[in-house]
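These notes concern the structure reproduced below.
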Amino acid sequence: MSTTHDDAPLAAQVRHLEALLEERGWLAPGEIDERLDAFAAGGSPANGAAVVARAWVDPYFRARLLADGNAAIGELGFSMGGALQEQKLIVVANDADEHHVVVCTLCSCYPIALLGPSPSWYKSEAYRSRVVRDPRGVLRELGLELPASTRITVWDASAESRYLVLPRRPEGTDDLTEQELAALVTRKGLIGTAAV
Amino acid sequence: MPDRPDRFAPGDRVRTRIPDPPGHTRLPRYARGARGVIVSTAGHHPLADERARGLPSDPRAVHHVRFAARDLFGEGDHAVVVELWEDYLEPDPAGHPEPTEERNSR
Amino acid sequence: MSRINDVGGMVGFPPIVEEPDEPAFHADWEAHVVALNAAMIRRGVYNLDEFRDAIERIPPDQYLAASYYEKWLRAITTLLGEKGVATPGELAGA
């Protein structure tokens, strides 16, 4: 979207609001900075990759992850808490027959607490409008050509849950360590717009 | 736990309502008046429509409802799962006979 | 009365554009907007659904023209005015 225009007036407006709210007592001094530090230490796609790699090497963890995402990621020290209340994490697993892809058609819901902010394309009207209607075409546009025999399920995050896709473990990775496996997992794979 | 009993359970065939509310809602336009099957229950939450108006709202069931793309758009071979408050749903005893749509994909 | 945010199934939007190595935020002010919003919600000035509602009330032409966090900033400003935290003039910095 319009990220190239001059955003100095927007930056000034944000500074103005913060000063006004602090002056009126609606913001504590330093409160914004604390939150910014929390973001920096918070969600990241690497967290999702670590979850996926563990599920690939440990079938019991995988089963727990699919049954109760929140509890399972807690085993790895992650949470869906974030800045506000904890959100339910639902993990959907790809297999040879079915591929899952996630969208929020109404806004931009995404497992931010685990993965950090979503990419701009995920929030774009272009992706949100089309992936529910023509997922095969959208995935092709994003570089993922699925066999015609693979069924596609699109998950619209329209309420309170947040979704994570568990990609299929690539062939020929038997010798890799858990850490090496995690390095194969991309943010797109966690959304379902890439194979891994 | 919720005060009100769940109106639907996994496997139930449902039809979404056709509201066109003036304010915030979580029933996407493309899924209004459509036939689907409940695949699982996603917990219990106050209705977003009411919270957005600043109204008190009791938790009630939210369901994962699976739709065949052709029932939403008239074409397509995929499925769409939408997470819907039970307020948006009504029973559909005359729903589709395909048992495949009852499968819980999780 | 469907709102402009409700785009699922619509046609006509441009191709999807990916940004290689996209950072979490493109400018500091975007992160500040997110932090400010979380602070207001935790303080109970408004709730998350009122915030979503305020984004959806942005007129369609402006909704489509604004960047993602620009929409957030507009919604926050709208709500601070409606909740009586400050007058529209004060919020605008007039």
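Residue numbers (the UniProt record's numbering), protein chains in the order written: chain A, 1 to 196; chain B, 1 to 106; chain C, 1 to 94.
Built from N, CA and C at the ideal position, the CB exists for glycine as well.
Check residue i in the structure and name its three-state DSSP category.
i, result
"I4(C)", "coil"
"R35(A)", "helix"
"E90(C)", "helix"
"P91(B)", "strand"
"L64(C)", "helix"
"W85(B)", "strand"
"L79(C)", "helix"
"I16(C)", "coil"
"R4(B)", "coil"
"Y163(A)", "strand"
"H16(A)", "helix"
"V102(A)", "strand"
"A79(B)", "strand"
"Q179(A)", "helix"
"E22(C)", "coil"
"E102(B)", "Confidence is the limiting factor: at E102(B) the pLDDT is only 42, short of 50, which leaves the residue's position unreliable, though a coordinate-based value still follows. In this structure, E102(B) counts as helix in the three-state DSSP scheme."
"A126(A)", "helix"
"S120(A)", "helix"
"V51(A)", "helix"
Nearest by alpha-carbon distance to residue i: which of the options is it?
i, options, result
"V85(C)", "G172(A), V196(A), E160(A), E22(A)", "E22(A)"
"T153(A)", "H64(B), T25(B), W85(B), L55(B)", "H64(B)"
"A195(A)", "A41(A), P147(A), P29(A), E178(A)", "P147(A)"
"L76(A)", "V52(A), S149(A), Y163(A)", "V52(A)"
"A159(A)", "V62(B), Y88(B), T41(B)", "V62(B)"
"L66(A)", "T173(A), P167(A), R187(A), G172(A)", "P167(A)"
"R62(A)", "E180(A), G172(A), L164(A)", "L164(A)"
"S40(B)", "A94(B), D77(B), D6(B)", "D6(B)"
"C104(A)", "G137(A), G82(A), M80(A), Y127(A)", "Y127(A)"
"A183(A)", "N47(A), V138(A), E145(A)", "N47(A)"
"Q13(A)", "V11(C), K83(C), Y69(C)", "Y69(C)"
"E30(C)", "W72(C), G93(C), I41(C), L91(C)", "W72(C)"
What are the start and end residues of the alpha helix (DSSP H) that includes residue i?
i, result
"V34(C)", "28-42"
"L66(A)", "59-67"
"S57(B)", "No alpha helix (DSSP H) contains S57(B), which DSSP labels as neither H nor E."
"F51(C)", "48-56"
"L139(A)", "135-141"
"W26(A)", "Careful: W26(A) lies outside any alpha helix (DSSP H) and carries neither H nor E."
"L115(A)", "112-115"
If you follow the beta strand (DSSP E) that residue i is part of, which residue opens it and which one closes it?
i, result
"I152(A)", "151-156"
"T41(B)", "35-45"
"L89(A)", "89-93"
"residue 116(B)", "Given that chain B is displayed from residue 1 to residue 106, the structure contains no residue 116(B) and the question cannot be resolved."
"V14(B)", "13-16"
Just checking my contact of residue i with residue j at CB under 8 Å: how many whole Å lie between their CB atoms?
i, j, result
"P60(C)", "I4(C)", "4 Å"
"T16(B)", "G33(B)", "6 Å"
"R162(A)", "Y110(A)", "7 Å"
"D97(A)", "R140(A)", "Actually they are not in contact, since the Cβ atoms of D97(A) and R140(A) sit about 19 Å apart, beyond 8 Å."
"P45(A)", "L190(A)", "6 Å"
"A94(B)", "E50(C)", "Between E50(C) and A94(B) the Cβ distance is about 39 Å, and since that is not below 8 Å, they are no contact."
Q) If you measure beta-carbon to beta-carbon, which residues of the segment 2-13 of chain B are closer than 7 Å to chain A? A) none
Q) Listed from N- to C-terminal order along the chain, which residues in the segment 148-165 of chain A have their beta-carbon within a distance smaller than 8 Å of any beta-carbon of chain B? A) R151, I152, T153, V154, W155, D156, A157, S158, A159, E160, S161
Q: Report the residues of the segment 19-36 of chain A with a CB closer than 9 Å to any CB of chain C, ordered along the chain.
A: L20, L21, R24, W26, L27, A28, E31, I32, D33, E34, R35, L36
Q: Could you please tell me which residues of the segment 115-127 of chain A, in chain order, have their CB closer than 7 Å to any CB of chain C?
A: G116, P117, P119, S120, W121, K123, S124, E125, A126, Y127
Q. When Cβ atoms are compared, which residues of the segment 47-58 of chain C fall closer than 7 Å to chain B?
A. N47, D49, E50, R52, D53, E56
(Q) Please identify, using Cβ separations under 9 Å, the residues of the segment 6-17 of chain C that lie next to chain A, in order along the chain. (A) D6, V7, G8, G9, M10, V11, G12, F13, P14, P15, I16, V17
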